[in-house]
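Under full-length UniProt numbering, the first residue of the sequence shown is numbered 1, with each subsequent residue one higher.
Where is the CB? At the ideal position from N, CA and C, for every residue including glycine.
Values in this document were obtained by computation on a predicted structure and should not be read as measured data.
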Amino acid sequence: MQPGRIAAAFERCRGQGRAALVGYLTGFDPDHERGLASLIAACEAGVDVLELGVPFSDPTADGPEIQSAMVRALAAGATLEGVLALASAVRSRFAELPIVLFSYANPLLRACSRDAAGARGFCQRLRDLGVDALLVVDLPPEQASILRAPARAANLDWIGLCAPTSPPARLDKIVEAASGFVYAVSLTGVTGSALDANSHSLRSQLEDLRGRTQLPIAVGFGVREPSQVRALAPQVDGVVVGSALVKAGRSGPDPLASLVADLRAATSKG
C-alpha cells in the first residue's frame, strides 16, 4: 500500500536531511482571489505541508495576527465551502502536496449536521476534494471521536495536538489516536507568541513526546524566523510557521514567497 501524502512528504524530507516546513495560512484572507494567490505562492516557494485555516468568529487559540486574518476573511464572505473550494484549487495545482484542514470544531460539526450522509459523508467529501487530514484545535480527546472516527473511515489523517501542559496520560491518549503527524505546541498561550527555540523545557518536551510515538513530530506556535527553524530542525520532523506567513501575506505573494524560501532554507538538520 502506498503511503499517504503526509507520510510521503515527511519521508521525502527525511531523505533530504531536513525537517518538513509546515505552513499555515487562513483561507480567504483577505478575500478569495488574493487568498488563493497567497496559497499558491507559499506552495510554489517550498511549503512541504499546507495547513489551510477555516475562518471562525471566536478563534480562542490564535493570536492577534491570525485573529485579524479571520476577521478579514469573514468580512470578505468566507465560508467553509469557500475554503474547501480553495483546497480543491490547490490540489489541482499541487498533486503531491499534503493539505491539512485546520479548523475549530464548530464549523465542521455544523457541516456534518447538514450533510445528508452525516459526518462520514462530509469527511468523505473532504477526501474527494483532496484534503489529507483534519486538525481540530479545540476538540478535546475525550470528545474527538465524533469527528475522528468518520475522518479515519474516509482515510483522512487525524493530527494530534499536544500541549506542554498536558499530563502524561492525556498525551498518551492524544498520540494513540493520532495519525499523519503529531503537532507539538511549543508554549502555553496563543499562536504567534514569543518562543525561545533553544529552551531546555522545550527540548525536554520534545524528547518526552518522541518517547511516546513513532509518528513524525512537528513543532509550532511562536516560530517566526529562520533562526528559530534552524534551531528546531535537528530536534523534530517538521516545523510549523503560521502567524509570520499570515503577516507576510498581507504585503502580497512575493514577500510571502520570499519568507517561505528563507524558512525552508533553514530546515536542514546538518
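What separation, rounded to the nearest whole angstrom, lies between the Cα atoms of Asn155 and Arg125?
One-based indexing of the sequence shown puts residue 155 at position 155. One-based indexing of the sequence shown puts residue 125 at position 125. Each residue's alpha carbon lies about 11 angstroms from the other.
Can you say whether His32 is buried or exposed, counting buried as having 16 or more other CB atoms within 10 angstroms of its CB?
Sequence index remark: in the sequence shown, residue 32 carries index 32 (1-based). His32 should be labelled buried.
Check the DSSP bridge columns for Gly238 and list the partner residues they point to.
Here residue 238 corresponds to residue number 238 of the sequence shown, with the count starting at 1. Under DSSP, the beta-bridge partners assigned to Gly238 are Ala20, Ala218.
Check each candidate in Asn106, Asp138, Ala85, Val229 and name the one with the smallest Cα separation from Val131.
The residue labelled residue 131 in the question sits at position 131 within the sequence shown. The shortest CA-to-CA distance from Val131 to any of Asn106, Asp138, Ala85, Val229 is the one to Ala85.
My output table needs one value for Val185: the three-state DSSP class, helix, strand or coil.
The residue labelled residue 185 in the question sits at position 185 within the sequence shown. In the structure shown, Val185 sits in a strand (DSSP, three-state: E or B).
Exposed or buried, which one is Asp128 when buried takes at least 16 other CB atoms within 10 Å?
In the sequence shown, counting from the first residue as 1, residue 128 sits at position 128. Taking every protein chain shown into account, the CB of Asp128 has fewer than 16 other CB atoms within 10 angstroms, so this residue is exposed.
Using only the alpha-carbon positions, how far apart do Arg250 and Pro30 sit?
Counting from 1 along the sequence shown, the entry for residue 250 is found at position 250. Counting from 1 along the sequence shown, the entry for residue 30 is found at position 30. Near 8 angstroms, if we compare the C-alpha coordinates of Pro30 and Arg250.
If you reduce the DSSP assignment to three classes, tell me which class Ser254 lands in.
Counting from one through the sequence shown, the residue named residue 254 turns up at place 254. Contrary to the premise, residue 254 reads as Asp rather than Ser in this sequence. Reduced to three states, the DSSP call for Asp254 is helix.
Runs of alpha helix (DSSP H) wholly within the region 79–103 (minimum 4 residues, chain order)
Listed in chain order, the complete alpha helix (DSSP H) runs (minimum 4 residues) inside the region 79–103 are 80–93.
Per-residue burial, Arg264 [other beta carbons within 10 Å of its own, 16 or more giving buried]:
Taking the sequence shown and counting its residues from 1, one reaches residue 264 at position 264. By the 10 Å Cβ count, Arg264 comes out buried.
In this structure, does DSSP put Ser268 in helix, strand or coil?
Against the sequence shown, residue 268 aligns to sequence position 268. Reduced to three states, the DSSP call for Ser268 is strand.
Roughly how many angstroms lie between the CA atoms of Asp262 and Pro216, to the nearest whole one?
Your numbering for residue 262 matches position 262 in the sequence shown. Your numbering for residue 216 matches position 216 in the sequence shown. Going from the Cα of Asp262 to the Cα of Pro216 covers about 23 angstroms.
CB contact flag (Val223, Leu232, <8 angstroms)
If you number the sequence shown from 1, residue 223 lands on position 223. If you number the sequence shown from 1, residue 232 lands on position 232. The answer is yes: Cβ separation under 8 angstroms.
Take Asp138 as the anchor and find which of Gly4, Cys162, Gly118, Ser201 has the nearest alpha-carbon.
In the sequence shown, residue 138 corresponds to position 138, counting from 1. Here the closest residue by C-alpha is Cys162.
Could you say which of Ser258, Gly53, Pro234, Val182 lies nearest to Ser268 if we only look at CA atoms?
Start at 1 with the first residue of the sequence shown, and residue 268 comes out as number 268. The closest CA to that of Ser268, considering only Ser258, Gly53, Pro234, Val182, is found on Pro234.
Rounding to the nearest angstrom, what Cα-Cα distance links Asp115 and Arg93 in this structure?
Here residue 115 is taken as the residue at index 115 of the sequence shown, counted from 1. Here residue 93 is taken as the residue at index 93 of the sequence shown, counted from 1. The straight-line gap from Cα to Cα measures roughly 27 angstroms.
Per-residue burial, Gly118 [other beta carbons within 10 Å of its own, 16 or more giving buried]:
The residue you call residue 118 lines up with position 118 of the sequence shown. Exposed is the label assigned to Gly118, since fewer than 16 other Cβ atoms lie within 10 Å of its Cβ.
How many angstroms separate the CA atom of Ser113 from the CA atom of Lys173?
As a first step, residue 113 must be located in the sequence shown, where it is residue number 113. As a first step, residue 173 must be located in the sequence shown, where it is residue number 173. For the pair Ser113 and Lys173, the Cα-to-Cα distance works out to about 27 angstroms.
I'd like the span of the alpha helix (DSSP H) that includes Val49, first residue to last.
Working through the sequence shown from its first residue, we reach residue 49 at position 49. Careful: Val49 lies outside any alpha helix (DSSP H), inside the beta strand (DSSP E) at 49–53.
So if DSSP puts Cys162 in a beta bridge, which residue, or which two residues, is it bridged to?
As a position in the sequence shown, residue 162 is number 162, starting the count at 1. In the DSSP output, where bridge partners are listed per residue, Cys162 has Ala184.
Coarse secondary structure for Asp172, derived from DSSP in three states
By one-based count along the sequence shown, residue 172 stands at place 172. If DSSP states are grouped into helix, strand and coil, Asp172 belongs with the helices.
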